[in-house]
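A.B. asks: First the structure, then my questions, so here it is.
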Amino acid sequence: MMRLLRGTATRRVFDRALEALPLTQHGVVWNLYVSWTRSFALPEQAVRVFRRYLMFDPAQREEYVSYLQELGQNREAAVQLMHLLDHPPVTPTRSPAHALWMLLCRLLAQHPLEMRDIDCEGVIRAGTTNPLLSYMVLVHRCIFLSFVCSHSEVQ
Numbered sequence: 274m275m276r277l278l279r280g281t282a283t284r285r286v287f288d289r290a291l292e293a294l295p296l297t298q299h300g301v302v303w304n305l306y307v308s309w310t311r312s313f314a315l316p317e318q319a320v321r322v323f324r325r326y327l328m329f330d331p332a333q334r335e336e337y338v339s340y341l342q343e344l345g346q347n348r349e350a351a352v353q354l355m356h357l358l359d360h361p362p363v364t365p366t367r368s369p370a371h372a373l374w375m376l377l378c379r380l381l382a383q384h385p386l387e388m389r390d391i392d393c394e395g396v397i398r399a400g401t402t403n404p405l406l407s408y409m410v411l412v413h414r415c416i417f418l419s420f421v422c423s424h425s426e427v428q
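In structure tokens:
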């Protein structure tokens, strides 16, 4: 079914499989569903499927962030990174928290016009007050970020 490139029919088959199978077998279906929807040429559908997948397996949020960056949806990637840093999954993520903060700072600094409704100063304060994340590198990046955010509000 996945090779037929019939989007709606294939999506319905996956949805019916998720409804019919017990929760213990959902992992197999979700892996196929996410890989199929990423290969299919509809990024909006892939984003919706990924959001449903995160309800089943929140530990995959980092993969979702990387997919959003591939699509160029930087604002949503920053929101998901903030959620990932505020609510770390029970299983360890692939990247340490410091790397996730650096990625968030980089997204905010490189795309300030997309991040207008995000509280840049709050992000900076949260990163610098956390004892695990208050590295000098983060402080320097955040100083640069505050400069970029303050200048994007003026324009």
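For the sequence shown, our numbering assigns the number 274 to the initial residue and increments by one for each residue that follows.
For glycine and all other residues, C-beta sits at the position ideal for the given N, C-alpha and C.
Please list the terminal residues of the continuous alpha helix (DSSP H) segment that includes Thr281.
C.D. replies: By 1-based counting over the sequence shown, the position of residue 281 is 8. From DSSP, the alpha helix (DSSP H) with Thr281 extends over 280 to 293.
A.B. asks: Which runs of the beta strand (DSSP E) at least 3 residues long sit entirely within the segment 300 to 357? Give them in chain order.
C.D. replies: Qualifying beta strand (DSSP E) stretches: none in this window.
A.B. asks: Whose C-beta lies closer than 6 Å to the C-beta of Asp288 among residues of the same chain, with five residues either side of it excluded?
C.D. replies: Counting from 1 along the sequence shown, the entry for residue 288 is found at position 15. Once the five neighbours on either side are set aside, Asp288 has no close Cβ partner at all.
A.B. asks: Here's the rule I'm using: 16 or more other beta-carbon atoms within 10 Å means buried, otherwise exposed. How should Leu357 be labelled?
C.D. replies: Position 84 of the sequence shown, counted from the first residue, corresponds to residue 357. Result: buried.
A.B. asks: In whole angstroms, give me the CA-to-CA distance for Ala370 and Asp392.
C.D. replies: What you label residue 370 is simply residue 97 of the sequence shown in a count that begins at 1. What you label residue 392 is simply residue 119 of the sequence shown in a count that begins at 1. Approximately 19 Å between the Cα atoms of the pair.
A.B. asks: To the nearest angstrom, how far is it from the Cα of Met388 to the Cα of Val286?
C.D. replies: Position 115 of the sequence shown, counted from the first residue, corresponds to residue 388. Position 13 of the sequence shown, counted from the first residue, corresponds to residue 286. Distance between the alpha carbons of Met388 and Val286: 37 Å.
A.B. asks: Which residues in the same chain have their Cβ closer than 7 Å to the Cβ of Glu335, if we skip the five residues on either side of it in sequence?
C.D. replies: As a first step, residue 335 must be located in the sequence shown, where it is residue number 62. If we look at Glu335 and ignore the five residues flanking it on each side, its Cβ neighbours are Leu357, Thr366, Arg367, Ser368.
A.B. asks: Using the three-state DSSP reduction, which class does Leu381 fall into: helix, strand or coil?
C.D. replies: On the sequence shown, residue 381 is found 108 positions in, with the first residue counted as 1. Three-state result, Leu381: helix.
A.B. asks: Is His360 helix, strand or coil when you go by DSSP?
C.D. replies: To locate residue 360, count along the sequence shown from 1; it is residue 87. It is coil, neither helix nor strand.
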